[in-house]
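*Asks:* A single structure is presented below for examination.
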Amino acid sequence: PSAAEAEGAHLLVVNAAPCGPQGHSSRSDSLVASEFDSGICYGSWLCLHKPTHDAERMASGNYPWAEHLHERKRLWEFRLQLKFREPVEGEVYFGCEQDRYYHVPAVEKYISSSVISLLRQASGGGMYQSHGEDPRYVQGETERPTVSFPLWVMDQLVVTQEGDEPPSLTDPEFPTFGVTRARERQKMKEAINNLDFRPGPTFTFGFWCIAQFVDAIGWRVPGRGVIPEVRLNEIGTHPPCYITMYSLRPQGEWRDVKDKRDTRHLDSRKIYCWRVAVWSSLLPPPPERKQELLAKGHLSPKRQDSEDQSLRTRGTWCCTGWSH
């Protein structure tokens, strides 16, 4: 990148299908939260990221959200607020998935295992990880590369009952709201286990537990101790990636089941609550893919009937985009 590009480097976060408004994007240095609507729920999100590309600004603390981030180890933070139109059953996952399958050679896969181990340890276990399946060798629907966690990986939770005012994602006092894993680990675990995603309450989350291990603007895992720096694109993680929250359908509704041991997180088995595409301005997707993701659309309509909801949550993914 040029010096000018490096100076203004940032993460770009874009609403991704089935979430609208289609093509709506925001930068990781934005001071304003963004809205989304996935059909099953709606709300807002906010992404904060330190200027890891600029050592001088990192040291000075002169950057957006520095009053919150500067004295903390995390490099970034996601905040998410959801209000549901209908109940969500089953376990809910939060994680990262890729645009499509990428072949990862044996050496790169070995290197990536150290990164995966680091993330698994930081998240406290329960992580689901897959390098994906090569569609040339698999019949039926294939699984895309993914890393996802049970919802107890979240670091902060605020449940606001219907009729009360939920917190603003940009409130300077946001870190003091609700319960956090760092301050009250057992209480946080119990609160997550007792979550009931249903119409009425507003659910607000903060997530940063792996954020000291991944520099998303630099698209790298910084070196730590005996582990050298790892470039994400060199171990098969290419832009765009998708940050998602989803539940898995009951197994009786699964398609393309191989055998009893088939636990793949296929797109057709997911009900997406929230989904955004993410990439660094220093390493954007190919121009055509970037243009597709940023193409403007309209806000996802509220559910009109069960068939409309089925179309929006049962879509399938191909390498060119979301299709029904």
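Numbering-wise, this note's numbering comes out as the position in the sequence shown, counting from 1, plus 265.
Cβ atoms here follow ideal geometry from the backbone N, Cα and C, with glycine treated the same way.
1. Indicate whether the contact test is met: 3 or more Cβ pairs, each with one atom in the stretch 429 to 442 and one in the stretch 460 to 471, closer than 8 Å.
2. Within 10 Å of its beta-carbon, does Asp527 have 16 or more other beta-carbons around it, so buried, or fewer, so exposed?
3. Which word fits Pro552, buried or exposed, when buried means at least 16 other C-beta atoms lie within 10 angstroms of its C-beta?
4. In chain order, what residues of the same chain lie with their CB nearer than 8 Å to the CB of Ala274, ignoring the 5 residues before and after it?
5. Are Asp364 and Pro505 touching if we call contact CB-CB under 8 Å?
6. One question on the structure: do Ile508 and Val479 come within less than 8 Å of each other, judged by their Cβ atoms?
7. Does the separation of the CB atoms of Arg350 and Pro464 fall below 8 Å?
8. With 16 as the cutoff for other CB atoms within 10 Å, does Asp302 come out buried or exposed?
9. Does the stretch 297 to 312 come close enough to the stretch 280 to 287 that 3 or more CB-CB pairs lie under 8 Å?
10. Three or more C-beta pairs under 8 Å: does that hold for the stretch 319 to 329 against the stretch 350 to 362?
11. Alpha helix (DSSP H) containing Met453: first to last residue?
12. Can you list, in chain order, the residues of its chain whose CB lies under 7 Å from that of Val495, leaving out five sequence neighbours each side?
13. Should Gly285 go down as buried or exposed, given a rule of 16 or more other Cβ atoms within 10 Å for buried?
14. Within its chain, find whatever has a CB closer than 6 Å to the CB of His335; leave out the 5 residues flanking it on each side and keep chain order.
15. To the nearest angstrom, report how far apart Gln421 and His368 are at their CA atoms.
16. Take Val412 and list the residues in its own chain whose beta-carbon comes closer than 6 Å to its own, dropping the five residues that flank it on each side.
17. Which parts of the stretch 340 to 371 are runs of the beta strand (DSSP E), unbroken and 3 residues or longer, counting only runs that do not cross its ends?
18. Taking C-beta to C-beta, are Tyr358 and Pro410 nearer than 8 Å?
19. Count the other CB atoms, across all protein chains shown, that sit within 10 Å of the CB of Gln386; report buried if there are 16 or more and exposed otherwise.
20. Buried or exposed for Tyr402, please, with buried defined as at least 16 other CB atoms from any protein chain shown within 10 angstroms of its CB.
21. CA-CA distance, Lys454 and Leu460?
22. Can you list, in chain order, the residues of its chain with a C-beta nearer than 6 Å to that of Val353? Leave out the 5 residues immediately preceding and following it.
23. Can you tell me the Cα-Cα spacing of Asp436 and Arg520, whole angstroms?
24. With C-beta atoms as the reference, is Glu557 less than 8 Å away from Trp473?
25. Ignore the nearest five residues each way along the sequence and tell me which others in Gly308's own chain have a CB closer than 6 Å to its CB.
26. Measure the C-alpha to C-alpha separation of His289 and Leu559 and round it to an integer number of angstroms.
27. Have a look at Pro549, Tyr537, Lys561 and Glu499 and flag the residue whose alpha-carbon is nearest the alpha-carbon of Ile305.
28. Report the residue from Tyr366, Leu383, Pro549 and Pro432 whose alpha carbon sits nearest the alpha carbon of Val491.
29. In whole angstroms, give me the CA-to-CA distance for Trp417 and Tyr366.
*Replies:* On the basis of the supplied data:
1. Touching, yes.
2. It counts as exposed.
3. Classification of Pro552: exposed, given that the 10 Å Cβ count is below 16.
4. Around Ala274: Pro266, Pro316, His318, Asp319, Ile482, Ser545, Ser546 and Leu547.
5. With contacts defined as CB atoms closer than 8 Å, Asp364 and Pro505 qualify as a contacting pair.
6. Cβ atoms of Ile508 and Val479: not closer than 8 Å.
7. Result yes, Cβ atoms of Arg350 and Pro464 sit closer than 8 Å.
8. Taking a 10 Å sphere around the C-beta of Asp302, we find 16 or more other C-beta atoms and assign the residue as buried.
9. Judged by Cβ distances under 8 Å, the stretch 280 to 287 makes contact with the stretch 297 to 312, as three or more pairs qualify.
10. Result no; under three Cβ-Cβ pairs closer than 8 Å.
11. First-last of the alpha helix (DSSP H) with Met453: Arg450 to Asn458.
12. A distance below 7 Å between beta-carbons, with the five flanking residues on each side excluded, links Val495 to the following residues of its chain, in chain order: Ile376, Val380, Arg485 and Val486.
13. Counting the other Cβ atoms within 10 Å of the Cβ of Gly285 gives 16 or more, which makes it buried.
14. Spatial neighbours of His335 in its own chain (CB-CB distance under 6 Å, excluding positions within 5 residues in sequence) are listed in chain order as Gly326.
15. Each residue's Cα considered, the two are about 35 Å apart.
16. Contacts found: Gly360, Cys361 and Gln394.
17. Correct list: 341 to 349 and 357 to 363.
18. Against a cut-off of 8 Å, the Cβ pair of Pro410 and Tyr358 comes out as no contact.
19. Here Gln386 is exposed, its C-beta having fewer than 16 other C-beta atoms within 10 Å.
20. Exposed is the call here.
21. For Lys454 and Leu460, the distance between alpha carbons rounds to 10 Å.
22. Within the same chain, Val353 has close Cβ partners Phe462 and Ser512.
23. Their Cα atoms are separated by approximately 43 Å.
24. Not a contact, by the Cβ cut-off of 8 Å.
25. Within its own chain, the residues whose Cβ lies closer than 6 Å to the Cβ of Gly308, once the five positions on either side in sequence are excluded, are Gln346, Leu347 and Lys348, listed in chain order.
26. Approximately 7 Å, taken between the alpha carbons.
27. Nearest Cα to Ile305 within the set Pro549, Tyr537, Lys561 and Glu499: Tyr537.
28. That would be Leu383, whose Cα lies nearest to the Cα of Val491.
29. Near 28 Å, if we compare the C-alpha coordinates of Tyr366 and Trp417.
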